[in-house]
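What the sequence shown shows, in this note's numbering, is residues -11 to 357, in sequence order.
Glycine residues also receive a C-beta, built at the ideal position from the N, C-alpha and C atoms.
Source: prediction; values computed, not measured.
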Amino acid sequence: MTKTWVGIIVGVCVVITLAIAARHFRTGGGDEPGRARVPIAVPAGGALAERAGGWSTRQNTGEAGQTSGAVAARGGAQGERGSGPGAAESGGGAATVITGGRRAGDALGASGSTASEEGAIQIARPREPGVRFERPGGLGGDRPGESVVRGQPLPQDAAEEGKEEDPNGPVLSLSLQGTTEPDKGDAPVVAEGVSFESEDGAKFSTDAQFAVPNAGGITGEAGTFAFTIQGEWPGNDNTDASFVQLRTPNEWNNRIQVTKNGQWMRFLFTDDTGMESGVGVPINWQPGETHNIATTWGEDPETGQRLTRLYIDGRLVGQSPYNGNFVPPSGPLYIGSDHPGGQPGARGTISRFTAYNRLLGPDEVRGLQ
């Protein structure tokens, strides 16, 4: 009986010893020289990745610069520090320097890194270049893996963007109904001696000064001026009054003048050679009468002849040929007045002033009434 119990006890001891030895063999013994334990990174879910019972050993060859470092799982927090000398920490999602012969993350793939051959050092892959993207309004700043394209200004209103100017329309339009601001074209740079005493238009005094820059928009060899005048003077007196002045002071060539010259309504035109062409007709108007005036210059589309024409109340009252070219002055266009020191102002009420960069035909002039 005693021998039986001794045999049982010895058998149990052998089994326990073998079990301890087997477990010791599987875990590497802990303190065996030249071996180190490498913890696998904690995944985003928080559970510890396990391999062979939860720990994986890596051979440390002892060469300079070799470490057993932690590898952070993709999206994980800061990795645990390895147990080997010189182990490095990994930031969220970035691989560290590692050593060993097999992949450090067999259970969970490391972010952008693999283990090198035994004894070699594997450096984490370089950061990918910035990817350009556009944020609404250009908000945000520079962050790893991205660059910002600032927001672009919104396009103009579609209706305005697609709007085209009528090439046959006026380049300057002044209704002069309670305001000197243009309906089209440049605003006047000076408007002195001009008042609005009625709904008929703007009243210009003898010393009025009213000038629109850039020749009123006149740029070509052909053109038209048209306006309505209500004079305060009888037409048969010998006083002067200025309605339109497009000229360079002290230069005779390239000028247009529309004036009351004594008892005449006169349209004076000179080309680039200084040759004069124009029309003058006698007038016998009474104070307060309203008349429509239009002057045109340029090549007649039917005859090809260059002509100046004067219309009064839609009727052609005279025309005259010229041979040279017309080069519009670059200075201001004076309306109802003249350059300082020039002729007196209109002494009347002007309205519906328009300027065109083309010669209007007789039917078009009548349509302005």
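For Thr258, the three-state secondary structure derived from DSSP is strand.
In this structure, the straight-line span from the alpha carbon of Ala210 to that of Ala196 is close to 28 Å. When Cβ pairs closer than 8 Å are counted between the two stretches, the segment 245 to 253 is seen to touch the segment 263 to 272, the count reaching three or more. Leu348 and Thr212 do touch by the CB rule: their CB atoms are close to 4 Å apart, below 8 Å. Ranking Asn345, Glu277 and Val353 by CA distance to the CA of Trp221 puts Glu277 first.
Gly355 has its alpha-carbon roughly 22 Å from the corresponding atom of Ala190. Cβ contact annotation for Leu162 (same chain, cutoff 6 Å, sequence separation greater than five): Pro170 and Phe341, in chain order. The C-beta distance from Val177 to Ala199 rounds to 5 Å, short enough to meet the 8 Å contact threshold. Excluding sequence positions up to five before and after Asn249, its CB lies within less than 8 Å of the CB of Asp228 and Gly268, all in the same chain and listed in chain order.
Distance from the CA atom of Thr337 to the CA atom of Ser230, rounded to whole angstroms, is 12 Å.
By the C-beta density criterion, Arg303 is exposed, having fewer than 16 other C-beta atoms within 10 angstroms. Cβ neighbours of Ala214 within its own chain (closer than 6 Å, five residues either side excluded): Ala282, Thr342 and Leu356. Per the C-alpha coordinates, the member of Pro158, Pro309 and Ser186 positioned closest to Thr167 is Ser186. The criterion of a C-beta distance shorter than 9 Å is satisfied by Pro317 and Ala203. Val(-2) carries a helical assignment under DSSP once its states are collapsed to helix, strand and coil. In chain order, His279, Asn280 and Gln357 place their CB closer than 8 Å to the CB of Asp301, counting only its own chain and leaving out the 5 sequence neighbours on each side. DSSP places Gly306 inside the beta strand (DSSP E), whose first and last residues are Arg303 to Pro309. C-alpha of Ile217 to C-alpha of Thr296: approximately 20 Å in a straight line. Thr261 is not a Cβ neighbour of Asn238, given a cutoff of 9 Å. Counting other Cβ atoms within 10 Å of its Cβ, Val182 reaches 16 or more and is therefore classed as buried. Nearest to Ile244 by alpha-carbon distance, out of Ser193, Pro328 and Val315, is Val315. Taking Leu234 as reference, the option from Gly319, Gly(-5) and Leu6 with the minimal CA-CA separation is Gly319.
When Asp154, Val159 and Pro350 are compared, the shortest CA-CA separation from Pro201 is found for Val159. Shortest Cα-Cα distance from Asp154 to any of Ala7, Asp351, Arg346 and Glu287 involves Arg346. Within the DSSP bridge table, the entry for Phe341 names Leu162 as partners.
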